[in-house]
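Reviewing the structure listed below.
Numbering (our numbering), first residue to last: 66 to 724.
Have a look at this one:
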């Protein structure tokens, strides 16, 4: 049932852009009431104010601070409006002053200029949020010009959509048989996103109905495949094309690419490379002493096989990152005995509706209350806005006897209480799982029933280090042997190996990996560029993952893609062949980055420095995260500072020539 303004769907003055997918609007009063009561109250409040401009909605406090009477009043008003007007429609973005006001209403905290610039597109009112366009109409693109996009996960697919919108020729190269990126790699039991799915999706796709609030891996894979096909990226993707080497040709100003394919080695040229190979692409496989003698099966979670049989097995597992935490419940349900070998204790937190199905009423509301989807995803993200202070040490607080900061110490107390409750107050388990470092110095982990699983009679937690594997199982340092038929290793990914396994040879024959190895590990300018490697941008490159305070990862992929695309636009609009970062700009940026990183608890003793994948332990420097406040980092990486870059060479058809 499709309606437009003036036909009863919404108020006649309301600006409309496009339509949602077909979705039955008419429901009875009880159904509508349930939908509103299950909804995000902040999002309902903002949608109703957006539609009606009734100041009574604006006067309501932030959702969590509403009284029962205020919640009931809001539900009454929203339900009554929906009974008369429910119907699908997308709203246009409000005027800037109105948008600022509404964004501030979500949190009760005013957005500064940097904050507004990062967050305004989170509302998703634009057709293609965070994407960029030509500055003065599309120029003539030289014949043979092409961008190579490496990888077809979220970043690669989104990059394809951006380039398609501009009409820039590109090819996506994917080493696996299907799109999906890390979601093709991770297939272990109970794998799912740990950010709510309405924020872990493309902003330009509004019609996917997630079956659960936190989508399972299989559904994320299907979603990515669907979007890739719908947007035409799939047809421009070459699957089972594994990039092995990219060499810069300075005479022709192109990258020479070599791929392993089922038909042998393929060689092609590209004017530019946007690498979307990702951070979590190379499994970190441990060579265990004695593993050749182990009679059971060893399976790495990133190399999971669909035919792995858990039923009735004696299972040993190691690794307590997000993966190890997610899958323990499934192992405990299926296995006759599960032995958990813990190397590093983790702070874990609950997450509302984690593992729960998304109710049909909520899916209906997304389609039939105009603006609800927009303000729901903004509201769901807003809880991350003010977390940067949790990551930093407060010397004044420490001088008063505190551990880290007032906020971080309170989080410690809250998480400790949650841990104790989940473990039923069992001090023997609490002593084993209590971390010896501050919360938020490692990636926060969502509890998927891990604590509860430890209390099951068939689960044993072992903190003694593993010595070796023996034929019948696992031997620990104290000489004790734990029987196992299956050893599940959740040891994560080798995050030092950016761009791996491809080699990148830049100007003067410099190997990028060798350059990093000879220095203090992988580095980049704004997380994307390295001097002497023109026309190469790495999405999810070194020090690019914001440590706090920002939107979910797919949004950052779009932001980084926008930066790389602006550089390519510059080339095509000016007729130049190269964009490279200046060495002094690279050095200056990384000096600022290191200074900011020194303030983080992950680089401080209270944070257990060296106990998390954020830190390159060989060089003891922050490597994965951007330490900057997210809106400031967005300012740095959303629009190129042309004084930091060199734009040179002359672009010509079917190749290029130097100046």
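Don't be surprised by glycine CBs; every beta carbon is placed ideally from N, CA and C.
Nearest to residue i (by Cα), restricted to the options the options
i: residue 598; options: 556, 648, 549; result: 648
i: residue 279; options: 214, 420, 363, 302; result: 420
i: residue 732; options: 456, 211, 143, 163; result: A query on residue 732 cannot be resolved here, the shown segment of the chain reaching from 66 to 724 and no further.
i: residue 101; options: 304, 313, 199, 148; result: 148
i: residue 497; options: 517, 506, 526; result: 526
i: residue 298; options: 352, 268, 226, 621; result: 226
i: residue 501; options: 408, 374, 713; result: 408
i: residue 288; options: 309, 122, 249, 254; result: 249
i: residue 236; options: 271, 302, 394; result: 302
i: residue 604; options: 620, 476, 405; result: 620
i: residue 327; options: 307, 315, 343, 342; result: 307
i: residue 349; options: 668, 554, 466; result: 554
i: residue 292; options: 160, 269, 304; result: 269
i: residue 228; options: 257, 193, 255, 656; result: 193
i: residue 612; options: 656, 451, 463; result: 451
i: residue 136; options: 214, 295, 103, 471; result: 103
i: residue 394; options: 577, 245, 668, 523; result: 523
i: residue 507; options: 177, 697, 703, 680; result: 680
Integer-rounded CB distance, given that residue j should sit under 8 angstroms from residue i
i: residue 480; j: residue 423; result: Going by Cβ atoms, the distance from residue 480 to residue 423 rounds to 27 angstroms, so no, they are not a contact pair.
i: residue 379; j: residue 105; result: Not confirmed; about 44 angstroms, so no contact.
i: residue 738; j: residue 336; result: Nothing can be reported for residue 738: it is not among the residues displayed for the chain, which extend from 66 to 724.
i: residue 115; j: residue 167; result: 7 angstroms
i: residue 431; j: residue 438; result: 5 angstroms
i: residue 593; j: residue 623; result: Actually they do not touch by this definition, with Cβ atoms about 13 angstroms apart.
i: residue 519; j: residue 641; result: The pair is not a contact, with the Cβ atoms about 60 angstroms apart (cut-off 8 angstroms).
Separation of residue j from residue i, as counted between CA atoms
i: residue 216; j: residue 300; result: 14 angstroms
i: residue 313; j: residue 339; result: 14 angstroms
i: residue 208; j: residue 563; result: 32 angstroms
i: residue 108; j: residue 504; result: 29 angstroms
i: residue 585; j: residue 346; result: 21 angstroms
i: residue 558; j: residue 367; result: 8 angstroms
i: residue 721; j: residue 636; result: Low confidence applies here, because residue 721 scores a pLDDT of 41, under 50, leaving its location unreliable and the question unanswered by this model.
i: residue 262; j: residue 275; result: 7 angstroms
i: residue 618; j: residue 266; result: 9 angstroms
i: residue 412; j: residue 666; result: 14 angstroms
i: residue 426; j: residue 317; result: 58 angstroms
i: residue 242; j: residue 608; result: 29 angstroms
i: residue 87; j: residue 111; result: With a pLDDT of 45 at residue 87, under the threshold of 50, the modelled position of this residue cannot be trusted; read the value that follows with caution. If you take the alpha carbons of residue 87 and residue 111, they lie about 24 angstroms apart.
i: residue 131; j: residue 449; result: 20 angstroms
i: residue 185; j: residue 631; result: 20 angstroms
i: residue 710; j: residue 596; result: 9 angstroms
i: residue 511; j: residue 387; result: 7 angstroms
i: residue 239; j: residue 150; result: 46 angstroms
i: residue 98; j: residue 91; result: 13 angstroms
i: residue 581; j: residue 364; result: 31 angstroms
i: residue 664; j: residue 458; result: 7 angstroms
i: residue 251; j: residue 534; result: 25 angstroms
i: residue 134; j: residue 195; result: 39 angstroms
Residue i, DSSP secondary structure in three states
i: residue 495; result: helix
i: residue 449; result: coil
i: residue 691; result: strand
i: residue 107; result: helix
i: residue 299; result: helix
i: residue 646; result: strand
i: residue 164; result: helix
i: residue 631; result: helix
i: residue 563; result: coil
i: residue 713; result: strand
i: residue 86; result: Residue placement at residue 86 is flagged as unreliable, the pLDDT there being 40, under the threshold of 50; a coordinate-derived value is accordingly withheld.
i: residue 213; result: strand
i: residue 604; result: coil
i: residue 475; result: helix
i: residue 182; result: helix
i: residue 547; result: strand
i: residue 285; result: helix
i: residue 610; result: strand
i: residue 707; result: helix
i: residue 382; result: strand
Query raised in the report: At which residue ranges does the stretch 307–380 contain complete beta strand (DSSP E) runs of 3 or more residues, listed in the order of the chain?
Result: Complete beta strand (DSSP E) runs here, min 3: 307–314, 319–326, 329–335, 337–340, 362–365.
Requested in this report: At 4 residues or longer, and completely inside the stretch 484–543: list those alpha helix (DSSP H) runs for me, N to C.
Outcome: 492–498, 515–519
Query raised in the report: Taking the runs of the alpha helix (DSSP H) that are 4 residues or longer, which of them lie wholly in the stretch 392–461?
Result: 425–433, 437–447
Query - Runs of alpha helix (DSSP H) wholly within the stretch 228–275 (minimum 4 residues, chain order) - result: 247–250
Report task. Go through the stretch 115–152 residue by residue and report every complete run of the beta strand (DSSP E) that reaches 3 residues or more, in order. Result -> none
Query raised in the report: Which runs of the alpha helix (DSSP H) spanning at least 4 residues fall entirely within the stretch 550–602, listed in chain order?
Result: 577–583
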